[in-house]
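Single-structure report; data block below.
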Amino acid sequence: LRRVETEDPYSRVVSETLSGMDPWMTLGFSSADLFNYLGRMDGALSRYFIFISEAPAGVVCVRYPWLRGPYLELLALFNSHQGQGIGSQIIGWMEAEARLKSGNLWVLVSSFNPRGRNFYLKLGFSEIATLPALVKPGYDEILLRKCLQCSAS
Ligand SMILES: CC(C)(COP(=O)(O)OP(=O)(O)OC[C@H]1O[C@@H](n2cnc3c(N)ncnc32)[C@H](O)[C@@H]1OP(=O)(O)O)[C@@H](O)C(=O)NCCC(=O)NCCS
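For the sequence shown, the numbering used here begins at 182 and goes up steadily by one.
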């Protein structure tokens, strides 16, 4: 993981890749929106590029403090790096950090992203609410929580 810098030289190419990938494509995020998101001042948002063999392979953005634990605001592995266990490793890292100070992990996933939903369910998250039209009219977002202090975890 490498922290995104102000005016990071990789932000442009990463934003372009994300804007062509779901869920961001369907939700209507442009490359410019994502570029601004990666670069704007936000002291509570930690943004990292995932580097593999010296090339960007994905992005992870974590908001903390959020709700008695961090909120995973964005997680993306670019197509050729999916399904190799990297996403699971990232959640493991986030969980280890969260355990030191709080009892929950939070994430939102679009209802039309069954693969994303399965990914989080498999890692011990529970779907706890459906939020209609949160990002875009006509689309639901699902709020998931991983409770680190509940007996089942
Ligand atoms: C969802 C995502 C973050 C998962 O990360 P990943 O590194 O690809 O996932 P992992 O390799 O750690 O796989 C963990 C589980 O996810 C599911 N999964 C991962 N890749 C999959 C694929 N190609 N097809 C179906 N299920 C898949 C499987 O259940 C897998 O478990 P298994 O390896 O025991 O079969 C990643 O695929 C991604 O960035 N997708 C596009 C953007 C997105 O949907 N982001 C998350 C929601 S915002």
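Even for Gly, the Cβ is constructed at its ideal location relative to N, Cα and C.
Asked: When DSSP builds the beta bridges, which residues end up paired with residue 229?; Found: 184 and 241
Asked: By how many angstroms is the C-alpha of residue 187 removed from the C-alpha of residue 301?; Found: 30 Å
Asked: Residue 308 lies in the beta strand (DSSP E); which residues open and close that run?; Found: 307-313
Asked: Got a sec: does ligand 1 put a non-hydrogen atom nearer than 7 Å to the Cβ of residue 277?; Found: no
Asked: Is any beta-carbon of chain C found at less than 8 Å from that of residue 325?; Found: Among the chains of the structure shown, chain C does not appear; only one protein chain is present.
Asked: Compare the C-alpha of residue 293 against each of 316, 320 and 286 and name the closest.; Found: 320
Asked: At which residues does the beta strand (DSSP E) containing residue 321 begin and terminate?; Found: 321-328
Asked: Can you check whether the CB of residue 257 is closer than 8 Å to the CB of residue 243?; Found: no
Asked: Once DSSP output is grouped into helix, strand and coil, what is the label at residue 269?; Found: helix
Asked: Under the rule that 16 or more other beta-carbon atoms within 10 Å means buried, what is residue 275, buried or exposed?; Found: buried
Asked: Examine ligand 1 and report whether any of its heavy atoms sits within less than 7 Å of the Cβ of residue 258.; Found: yes
Asked: Taking DSSP as the reference, what is the three-state secondary structure of residue 252?; Found: strand
Asked: So, are the CB atoms of residue 196 and residue 185 less than 8 Å apart?; Found: no
Asked: Check the DSSP bridge columns for residue 287 and list the partner residues they point to.; Found: 252 and 326
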